[in-house]
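Take a look at the structure set out below.
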Amino acid sequence: ALQKQEDTKKQSRTEGQRPENKSKNRYKNILPFDNTRVILQIKEEDPPFSDYINANYIKSETMVNRLGKIIPKTCIATQGCLLATVNDFWQMVWQQNSRIIVMTTREVEKGRNKCVPYWPDLNSENVYGPFTVRHVLEREAIDYKIRELDVTLTEKPNSKPRKIFHYQYLSWPDHGVPSEPGGVLSFLEQVNNKQDEIRDAGPIVV
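Taking the UniProt record's numbering, I'd label the letters of the sequence shown as residues 1 to 206.
Have a look at this one:
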């Protein structure tokens, strides 16, 4: 464990420390590692360092896909969106073909902003950069909400929307852990079952 901690300390976080990217970080001391960060696809005319988002790939245990092949299980860990990073967030979700987003906080907790809402109100739609997101369904469980969002490229309004499932866990205490693990385990089971149902789904975004 100590060796892992030392290895982590040695990993560079140069991109997150660049002056051009500092405003994209919610917390100045929580930055992605350079070697595992998610790199956004950018165009030639985009400003320098536009490929940055505060997000890391995280690989955990292996899993067996539909063809019986053992593959590493990967998710993407990212920060709560800032107003200036919502468009980048949706670009990442689209680029990675992620179909499930897990949010473990409320938008505001104890009077502090934790995450800018990056989805529209129910039965409405918003445009985020090149993407149009429509909020088509919302269900509420004891500890969490499930939203269904249809995402399309704005320039192709008649194309088939990409269905995104947004799970928001509402009972995770700020700066703590839930006292009763049963609710969390049930929530994770729902998320994992949904991920398994979706063919060729990209990594879950957390």
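Virtual Cβ for every residue (Gly too), placed ideally from N, Cα, C.
Asked: Which class does E6 belong to by DSSP, given the choice of helix, strand or coil?; Found: Only weak support is given to the placement of E6: the predicted model assigns it a pLDDT of 42, under 50, and the question is left unresolved by the model.
Asked: Cβ atoms of Y57 and V86: under 8 Å apart, would you say?; Found: no
Asked: Would you decide whether E6 is buried or exposed? Buried here means 16 or more other CB atoms lie within 10 Å of its CB.; Found: Since pLDDT at E6 reaches only 42, below the 50 mark, its modelled position is unreliable, and the value read off the structure follows with that caveat. Classification for E6: exposed.
Asked: Flag this pair as touching only if the segment 181-193 and the segment 105-124 have three or more C-beta atom pairs under 8 Å; answer yes or no.; Found: no
Asked: Would I164 pass as a contact of I204 if the rule is Cβ separation under 8 Å?; Found: no
Asked: Taking the alpha-carbon positions, what's the E148 to V136 distance?; Found: 6 Å
Asked: According to DSSP, simplified to helix, strand and coil, what is S60?; Found: strand
Asked: Please state if the CB of N126 and the CB of D200 are separated by a distance shorter than 8 Å.; Found: no
Asked: Please report the straight-line C-alpha distance between F131 and Q11, rounded to a whole angstrom.; Found: 34 Å
Asked: If we count Cβ pairs, one from each stretch, closer than 8 Å, do we get three or more for the segment 106-115 versus the segment 147-161?; Found: no
Asked: Please tell me whether G16 and L31 are closer than 8 Å, where the distance is taken between their beta carbons.; Found: yes
Asked: Taking the alpha carbon of V108 as the reference point, which residue from Q95, L82, N123 and W94 has its own alpha carbon closest?; Found: L82
Asked: For R18, is the classification buried or exposed, using 16 other Cβ atoms within 10 angstroms of its Cβ as the cut-off for buried?; Found: exposed
Asked: What is the rounded straight-line gap between the Cα of R99 and the Cα of P47?; Found: 28 Å
Asked: How close, in whole Å, do the beta carbons of A55 and R37 come, if the pair is a contact with beta carbons under 8 Å?; Found: 7 Å
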